[in-house]
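Read top to bottom, the protein sequences are chains A and Y. Read in order, the letters of the first sequence are residues 2 to 56 in my numbering. Read in order, the letters of the second sequence are residues 6 to 417 in my numbering. Read through the structure below, which is laid out as structure tokens, and then see the notes.
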Amino acid sequence: MKKYECPDCGYIYDEAIGAEHEGYPAGTAFKDLPEDFPCPDCFVREKPDFVEQSS
Amino acid sequence: MTENINKIQTGIENSGVEDATATAIEEDSGWIKSKRYLYWTSMVLPGVPILSAFLASETGNGLWLWSLLFAWYAILPVLDHFLGLDSANPSDELVEELGKDRYYVYIMYGATVAHWLAIIYVGYTIATVDFSWFNILGASLSVGLSNGLALVAGHELGHKVNDKGQVFAAKVILACSGYGHFFIEHNKGHHKDVATPEDPATSRFGESIYKFVQREVPGAFRRAWELETARLHRLGKSEWSFSNEIIQPALITIAAYTLMLAYFGPIMIPFLAIGAAFGWWQLTSANYIEHYGLMRERAANGRYERCQARHSWNSNQKASNLVLLHLQRHSDHHAHPTRPYQVLRDYPEVPALPYGYPTMFFVSFFPSVFYSLMNPMVINWAEGDMNKVNIDPDVKDEMMKRYHNPKVAKAA
């Protein structure tokens with residue numbers, strides 16, 4: 002399970018958590034998110050902008 | 006999260022920005038901290054219609070019911086003029102310290118309660134005391150203005166989508182004027198499409214506010230509904246369910262308005278309708294002036310450039326910024342939509358309106374005056390190249406003929 006960070010607001014997309022409210026359940030892999038997936042916190046960055054976190 | 010709040014990167018690419026503001030930081034940190042108490046204004050202002058309704062019923066003078074309207078269009082512009090600009094920007098340390106302080110959130114919760122009390126108390130007063138139609142109109146418009154301020158607080162709360170308490174409060178306070186779809190439309194729609202011809206909440210060059218509102222209100226609702234439907238479908242739910250976050254606040258509005266109608270009588274119909282409509286009008290006014298004529302450039306692949314600091318009109322007036330929760334520091338808001346109101350910053354060299362919002366709202370009532378003030382600024386912003394301006398298609402040919410000056414563009 003990987004984590005990806007929004008470069009604007011610091012939201013972290015954690016594959017283990019998903020983005021339930023936006024309709025991406027826990028376990029949704031980052032690669033399975035649509036290309037236009039916006040940051041579910043600030044909504045001004047999209048999937049291609051996210052930065053993979055080194056764990 | 007807090008590390009990132011400190012970063013000033015996106016959109017604000019002027020390398021001198023940090024240096025230029027650094028000097029102001031030292032001397033003004035006292036002022037920034039004292040604003041802590043001045044933000045109580047957000048709870049005090051909805052108290053104005055309450056107090057004025059009380060005074061109206063005590064003295065029998067219904068003119069009191071106009072108070073908030075007068076305060077907004079007459080007193081606040083004067084205060085803005087005399088109190089001037091707010092040069093203070095919070096330092097990184099203060100951003101971190103104040104950004105985390107729940108105190109500022111509790112003020113918003115207080116405002117949520119105060120705004121509903123204002124509607125109920127003024128409604129009660131005009132239902133139980135005999136006032137002229139003229140003064141009932143004043144009461145309705147004053148509550149409408151209060152509803153507009155409720156939208157400002159709702160805007161602030163509605164951006165904090167990772168905090169259940171604030172999202173709940175946003176739904177409650179936006180419901181004051183039945184505009185609960187706003188936080189969906191605004192966060193996911195306006196912030197994405199801002200300063201493009203596709204955005205119903207961005208006004209175009211040569212478009213009057215009266216034309217804009219007819220595009221903005223239905224366009225915003227349609228966009229909110231589509232976004233919410235898409236979200237619910239991803240969740241495997243119907244859009245016609247209680248999970249629909251447009252329906253939730255709408256039910257609050259319907260329940261509250263129905264109760265008021267039942268208890269206070271049919272006078273509530275014009276009162277609530279005018280109050281809601283004039284609340285919407287305040288939002289329309291804000292949307293109208295925030296990005297007038299500004300347009301993001303489109304790359305060859307069809308994608309718009311990222312929203313930059315230069316794509317919002319700012320005004321840094323002290324008085325109206327307190328009342329409006331620094332909404333007028335609009336470039337920073339678009340660069341960092343989740344940044345809380347108490348730590349929004351002003352930047353040199355961002356597009357600046359000639360006056361604060363209250364004055365500009367008033368000016369926008371008169372399109373020819375508004376154009377004479379703003380059109381030269383937009384042309385200057387585009388350096389004479391009208392292809393870079395978001396022009397109303399109905400007047401595009403005329404505007405191009407009249408204002409386009411590629412020579413100026415090249416020389417600049």
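For glycine and all other residues, C-beta sits at the position ideal for the given N, C-alpha and C. Source: prediction; values computed, not measured.
Any chance the CB of residue i is under 6 Å from a heavy atom of the ligand SAM?
i	result
S34 (chain Y)	Annotation note on the ligand SAM: not contained in the displayed structure, which lists no ligands.
Ordered along the chain, which non-local residues of its own chain (more than five positions away) have a Cβ less than 6 Å from that of residue i?
i	result
L426 (chain Y)	For chain Y, the structure presents residues 6 to 417; residue 426 (chain Y) sits outside this window and is missing.
T364 (chain Y)	P82
L503 (chain Y)	With chain Y covering 6 to 417 only, the question about residue 503 (chain Y) has no answer from this structure.
G143 (chain Y)	L70 and W71
D85 (chain Y)	Q322, A324, S325 and G361
H160 (chain Y)	none
I18 (chain A)	A27
Q171 (chain Y)	L162 and K165
Listing by chain order, which chain A residues have their CB less than 9 Å from the CB of residue i?
i	result
K193 (chain Y)	P39 and F44
C312 (chain Y)	V45
Locate the alpha helix (DSSP H) running through residue i, then write down its first and last residues.
i	result
A384 (chain Y)	According to the sequence shown, residue 384 (chain Y) is Ile rather than Ala. That run of the alpha helix (DSSP H) goes P372 to W386.
Y14 (chain A)	Per DSSP, Y14 (chain A) belongs to no alpha helix (DSSP H); it is in the beta strand (DSSP E), I13 to D15.
I178 (chain Y)	K169 to L179
L74 (chain Y)	S72 to F75
F210 (chain Y)	No alpha helix (DSSP H) contains F210 (chain Y), which DSSP labels as neither H nor E.
Y304 (chain Y)	Note on residue identity: the sequence assigns Ala, not Tyr, to residue 304 (chain Y). No alpha helix (DSSP H) holds A304 (chain Y); DSSP gives it neither H nor E.
V394 (chain Y)	No alpha helix (DSSP H) holds V394 (chain Y); DSSP gives it neither H nor E.
A340 (chain Y)	H335 to A340
G104 (chain Y)	D97 to K105
T46 (chain Y)	T46 to V49
So what does DSSP say about residue i, is it helix, strand or coil?
i	result
V134 (chain Y)	coil
I55 (chain Y)	helix
E244 (chain Y)	coil
P205 (chain Y)	coil
L162 (chain Y)	helix
F51 (chain A)	coil
A27 (chain A)	coil
R311 (chain Y)	coil
N152 (chain Y)	helix
L90 (chain Y)	strand
I272 (chain Y)	coil
A20 (chain A)	strand
P223 (chain Y)	helix
P82 (chain Y)	helix
Q322 (chain Y)	strand
T26 (chain Y)	Annotation note: pLDDT 47 at T26 (chain Y) (below 50); position unreliable, coordinate value reported separately. Correct three-state label for T26 (chain Y): helix.
P363 (chain Y)	helix
A357 (chain Y)	strand
P39 (chain A)	strand
P345 (chain Y)	coil
I251 (chain Y)	coil
G280 (chain Y)	helix
D351 (chain Y)	coil
F44 (chain A)	coil
V199 (chain Y)	coil
D33 (chain A)	helix
A43 (chain Y)	The question names Ala, yet the displayed sequence has Leu at residue 43 (chain Y). In this structure, L43 (chain Y) counts as helix in the three-state DSSP scheme.
Which residues in chain A sit within 7 Å of residue i, going by Cβ to Cβ distance?
i	result
N319 (chain Y)	Within 7 Å Cβ-Cβ: nothing; N319 (chain Y) doesn't reach chain A, min ~18 Å.
N167 (chain Y)	D42
For residue i, which residues from the same chain have a beta carbon less than 7 Å from its beta carbon, with the 5 sequence-adjacent residues on both sides left out?
i	result
K323 (chain Y)	L88, G89, L90 and D91
V157 (chain Y)	L329, L330 and L332
S213 (chain Y)	P372
F31 (chain A)	K3, Y5, Y14 and E16
L150 (chain Y)	L73, L74, W77, F283 and Q287
A206 (chain Y)	H195, E221, A225 and N292
R303 (chain Y)	Y309
G270 (chain Y)	A132
P359 (chain Y)	L378
S320 (chain Y)	Q333, A357, L358, Y360, G361 and Y362
Within the continuous beta strand (DSSP E) that includes residue i, where are the two ends?
i	result
E6 (chain A)	K4 to E6
D402 (chain Y)	Taken as a continuous stretch (DSSP letters only), D402 (chain Y) belongs to no beta strand (DSSP E), being part of the alpha helix (DSSP H) at K401 to Y408.
What residues from chain Y crowd round residue i, counting only those whose CB sits closer than 7 Å?
i	result
G24 (chain A)	R236, R239 and L240
Please list the partners that residue i has in chain A, where partner means a Cβ-to-Cβ separation under 8 Å.
i	result
K197 (chain Y)	P39, F44 and V45
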